[in-house]
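Enquirer:
There are 2 protein chains.
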Amino acid sequence: MRQLKINPMLLDSIRPILNQSSWFKSLPQDAIEQLVTAAKLKRVDTGQLVYQKHDLGDGLYCVMSGKVRLSNVTLEGKELILTWMQPGNWFGEISLFDGLPRAHDAHADEPCELLKISSQDFKALLIERPALYPHFMRLLCQRIRTTFSFIDETGSLSLKGKLCGRILLLAEGLEHQAPIENGASLCISQESLALMLHSSRQTVNKLLQELQQQGVIKVHYGKITILQHAMLKTLCQI
Amino acid sequence: MRQLKINPMLLDSIRPILNQSSWFKSLPQDAIEQLVTAAKLKRVDTGQLVYQKHDLGDGLYCVMSGKVRLSNVTLEGKELILTWMQPGNWFGEISLFDGLPRAHDAHADEPCELLKISSQDFKALLIERPALYPHFMRLLCQRIRTTFSFIDETGSLSLKGKLCGRILLLAEGLEHQAPIENGASLCISQESLALMLHSSRQTVNKLLQELQQQGVIKVHYGKITILQHAMLKTLCQI
DNA sequence: TTTTAATTGTCGCATAGGCGACAGTTTGAA
DNA sequence: TTCAAACTGTCGCCTATGCGACAATTAAAA
Chain S
1 MRQLKINPML
11 LDSIRPILNQ
21 SSWFKSLPQD
31 AIEQLVTAAK
41 LKRVDTGQLV
51 YQKHDLGDGL
61 YCVMSGKVRL
71 SNVTLEGKEL
81 ILTWMQPGNW
91 FGEISLFDGL
101 PRAHDAHADE
111 PCELLKISSQ
121 DFKALLIERP
131 ALYPHFMRLL
141 CQRIRTTFSF
151 IDETGSLSLK
161 GKLCGRILLL
171 AEGLEHQAPI
181 ENGASLCISQ
191 ESLALMLHSS
201 RQTVNKLLQE
211 LQQQGVIKVH
221 YGKITILQHA
231 MLKTLCQI
Chain H
239 MRQLKINPML
249 LDSIRPILNQ
259 SSWFKSLPQD
269 AIEQLVTAAK
279 LKRVDTGQLV
289 YQKHDLGDGL
299 YCVMSGKVRL
309 SNVTLEGKEL
319 ILTWMQPGNW
329 FGEISLFDGL
339 PRAHDAHADE
349 PCELLKISSQ
359 DFKALLIERP
369 ALYPHFMRLL
379 CQRIRTTFSF
389 IDETGSLSLK
399 GKLCGRILLL
409 AEGLEHQAPI
419 ENGASLCISQ
429 ESLALMLHSS
439 RQTVNKLLQE
449 LQQQGVIKVH
459 YGKITILQHA
469 MLKTLCQI
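Keeping their order, the protein sequence lines are chains S and H.
In case it helps, the numbering used here puts the first sequence at residues 1 to 238.
In case it helps, the numbering used here puts the second sequence at residues 239 to 476.
#1: Does the distance from the C-beta atom of residue 455(H) to that of residue 463(H) stay below 8 Å?
#2: Going residue by residue through the stretch 44–131 of chain S, where are the continuous alpha helix (DSSP H) segments of at least 4 residues, counting only ones entirely within it?
#3: When the Cα atoms are used, what is the spatial distance from residue 200(S) to residue 472(H)?
#4: Measuring only the C-alpha atoms, how far is residue 309(H) from residue 287(H)?
#5: Report yes or no: do three or more beta-carbon pairs, one from the stretch 83–98 of chain S and one from the stretch 56–71 of chain S, lie closer than 8 Å?
#6: Check whether the Cβ atoms of residue 352(H) and residue 299(H) sit closer than 8 Å, and answer yes or no.
#7: Return the CA-CA distance between residue 279(H) and residue 251(H), expressed in angstroms with no decimal places.
#8: For a test of the three-state rule: what should DSSP assign to residue 474(H), helix, strand or coil?
#9: State buried or exposed for residue 396(H), treating a residue as buried only when at least 16 other CB atoms are found within 10 Å of its CB.
#10: Drop a sphere of 10 angstroms on the beta-carbon of residue 3(S), count the other beta-carbons inside from all chains shown, and report buried for 16 or more, exposed for fewer.
#11: How many angstroms separate the CA atom of residue 26(S) from the CA atom of residue 19(S)?
#12: My understanding is that residue 470(H) touches residue 405(H), with C-beta atoms under 8 Å, so please give their C-beta distance in whole angstroms.
#13: Keeping to the same chain, check which residues put their C-beta closer than 7 Å to that of residue 108(S); ignore five residues upstream and five downstream.
#14: Give every residue of the same chain whose Cβ lies closer than 8 Å to the Cβ of residue 447(H), excluding the five residues on either side of it in the sequence, and list them in chain order.
#15: Applying a beta-carbon distance threshold of less than 7 Å, which residues of chain S neighbour residue 393(H)?
#16: Please confirm whether residue 151(S) has its beta-carbon closer than 8 Å to some beta-carbon of chain H.
#17: Quick check on DSSP: helix, strand or coil for residue 452(H)?
#18: Could you tell me which chain H residues have their CB closer than 8 Å to the CB of residue 129(S), listed as they occur along the chain?
#19: Use the C-beta contact count for residue 369(H): other C-beta atoms within 10 angstroms, 16 or more gives buried, fewer gives exposed.
#20: Figure out for me which residue from 389(H), 355(H), 348(H), 260(H) has the closest Cα to the Cα of residue 322(H).
#21: Could you check what DSSP says for residue 437(H) in three-state terms: helix, strand or coil?
#22: Using a beta-carbon distance below 8 Å, is residue 143(S) in contact with chain H?
#23: Quick check on residue 418(H): does DSSP put it in helix, strand or coil?
#24: Starting from the C-beta of residue 260(H), find all residues in its chain whose C-beta is less than 8 Å away, skip the five residues before and the five after it, and write them out in chain order.
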């Protein structure tokens, strides 16, 4: 995991991505500069660990490019994928605030550029500007609400409904940054979708075929194209 | 929902319950006094709403006695029970921090006494003592971690495993206040367990019978007694 | 271009669990 | 004490889904 200090000159090129992120877009400009100029840019190769469950949390990350897989492994060795973090998404903030170890593994699934803000720098910001606390409280609440609605989905939707929900989520980005249009696509293997849905590759395959026959999506080797996103939304309504 | 102001004299009788609660036990004594003397005690009868999904959140609650059911209703009218809040448990804090509407319904399932702290009083405390922010951040993080491990359970355990986990959770209290011993029991209908597990009454019944035959629990009309809690723990290991 | 590995498409069987039906129990109200 | 309502126990059928097996397809490396 190679690191380099952020050149203040780079800040402008990073800003468009930061502005997609709920963690930044409503922060005052000078707070952003303070955090980002102290941050480090990390490059992580495909397959490498960003961090591991039980590691001490020493900072939080924002994805600049690439894709990071958050997952857990069961006693029997089965991987449970929580989600993927994509450009503009933040992760790792829980350990930052409670000081407890990481609750899951984070792997790079593509070559990634990650902005890393150390716990130290973050705490310094908060001590200096306690007025920012409510902002970060709201972000934690947003995470809780997302997680709760995920649980509701889990309990009330058929596997097909959940699949539609995941496809939309991955296409939109976790924070619905990109309001999607028909024609939008995402790249993900059916195997991975299955791991995220706690299902099997074969069943996911069958359901994707069904959706394709209904004309809702187009499937082609690791790429899913959304043809009728309104229908997808309907299918995952709770 | 009847209300009365807390008599400072009552504080001593309430304190044992507050001390079971993660929201209070590590707060400085004077902060507790400040919050609780400004709080109101609400009595809610069985079946009544404490609040409803989409209501504006005007405060947070601590259960003094009774049991509050947190749930959601699907489009088709099926109820999804998140959990029950029991004496010493806090709920309703998310709307307090992010100002957004309630994310679920809260019903009294028994006659309840609830301590209610208004958003106003709570905000006043935080403005006066910003040093308390990290404390409440940690509590939010705790909620997130609980929720994440709930999702992991959902994905990796059989229904029987999840059932064992729920039995333990309900017997221990949400925050594991009461380290349980063999002989501990909980009162809950099999119907309710089914709604919490997104399962059916009949299947829950069958699984409870199995557990009883294994000698892990004893079942008798709405009451489950834990006979081998170590075995229950094993059965819900991820 | 050829080869190899990864991914996808498809069958078929096994099983968990949803659900209707109905009888038996218990509780609580009249 | 009686009765009704709620809850529990049990059976049987049915569907969704897991999963092994294997062929077909594609992407990527040699």
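Even for Gly, the Cβ is constructed at its ideal location relative to N, Cα and C.
Expert: Well, looking at it:
#1: Residue mapping note: residue 455(H) aligns to position 217 of the second sequence, counting from 1. Residue mapping note: residue 463(H) aligns to position 225 of the second sequence, counting from 1. Contact: yes.
#2: 93–98, 119–128
#3: For the purposes of this step, residue 200(S) is identified with residue 200 of the first sequence, where counting begins at 1. For the purposes of this step, residue 472(H) is identified with residue 234 of the second sequence, where counting begins at 1. One C-alpha to the other measures close to 26 Å.
#4: Start at 1 with the first residue of the second sequence, and residue 309(H) comes out as number 71. Start at 1 with the first residue of the second sequence, and residue 287(H) comes out as number 49. Going by the C-alpha atoms only, they are around 11 Å apart.
#5: yes
#6: Counted from its first residue, the second sequence places residue 352(H) at position 114. Counted from its first residue, the second sequence places residue 299(H) at position 61. Result yes, Cβ atoms of residue 352(H) and residue 299(H) sit closer than 8 Å.
#7: Taking the second sequence and counting its residues from 1, one reaches residue 279(H) at position 41. Taking the second sequence and counting its residues from 1, one reaches residue 251(H) at position 13. Between residue 279(H) and residue 251(H), the C-alpha separation is close to 13 Å.
#8: As a working mapping, residue 474(H) is identified with position 236 in the second sequence. Looking at residue 474(H) - three-state DSSP - the assignment turns out to be coil, as it is neither helix nor strand.
#9: Translated into the one-based positions of the second sequence, residue 396(H) becomes position 158. Residue 396(H) comes out exposed.
#10: For the purposes of this step, residue 3(S) is identified with residue 3 of the first sequence, where counting begins at 1. So residue 3(S) counts as exposed.
#11: Position 26 of the first sequence holds residue 26(S). Position 19 of the first sequence holds residue 19(S). In a straight line, the C-alpha of residue 26(S) is about 9 Å away from that of residue 19(S).
#12: Against the second sequence, residue 470(H) aligns to sequence position 232. Against the second sequence, residue 405(H) aligns to sequence position 167. The pair is a contact, with the Cβ atoms about 6 Å apart (cut-off 8 Å).
#13: Here residue 108(S) is taken as the residue at index 108 of the first sequence, counted from 1. Excluding sequence neighbours, residue 108(S) sits near 44, 45, 46, 47, 48, 50, 66, 68.
#14: The count along the second sequence starts at 1 and reaches residue 447(H) at position 209. Contacts found: 457.
#15: Working through the second sequence from its first residue, we reach residue 393(H) at position 155. Correct list: 80, 198.
#16: Taking the first residue of the first sequence as 1, we reach residue 151(S) at position 151. For residue 151(S), the answer is yes, since a Cβ of chain H falls inside 8 Å of its Cβ.
#17: Position 214 of the second sequence, counted from the first residue, corresponds to residue 452(H). Of the three classes helix, strand and coil, the one that applies to residue 452(H) here is coil, per DSSP.
#18: Along the first sequence, read from residue 1 onward, the residue named residue 129(S) stands at position 129. Residues of chain H passing the Cβ test: none, with the nearest at roughly 10 Å.
#19: Taking the second sequence and counting its residues from 1, the one referred to as residue 369(H) is at position 131. When all chains shown are included, residue 369(H) counts as exposed.
#20: Reading the second sequence from its first residue, position 84 is the one you call residue 322(H). With distances taken between Cα atoms, residue 322(H) lies closest to 348(H).
#21: In the second sequence, the residue the question calls residue 437(H) occupies position 199. Of the three classes helix, strand and coil, the one that applies to residue 437(H) here is coil, per DSSP.
#22: Along the first sequence, read from residue 1 onward, the residue named residue 143(S) stands at position 143. Chain H contact via Cβ: present.
#23: For the purposes of this step, residue 418(H) is identified with residue 180 of the second sequence, where counting begins at 1. Of the three classes helix, strand and coil, the one that applies to residue 418(H) here is coil, per DSSP.
#24: Residue numbering aside, residue 260(H) sits at position 22 when the second sequence is read from its first letter. If we look at residue 260(H) and ignore the five residues flanking it on each side, its Cβ neighbours are 328, 377, 380, 413.
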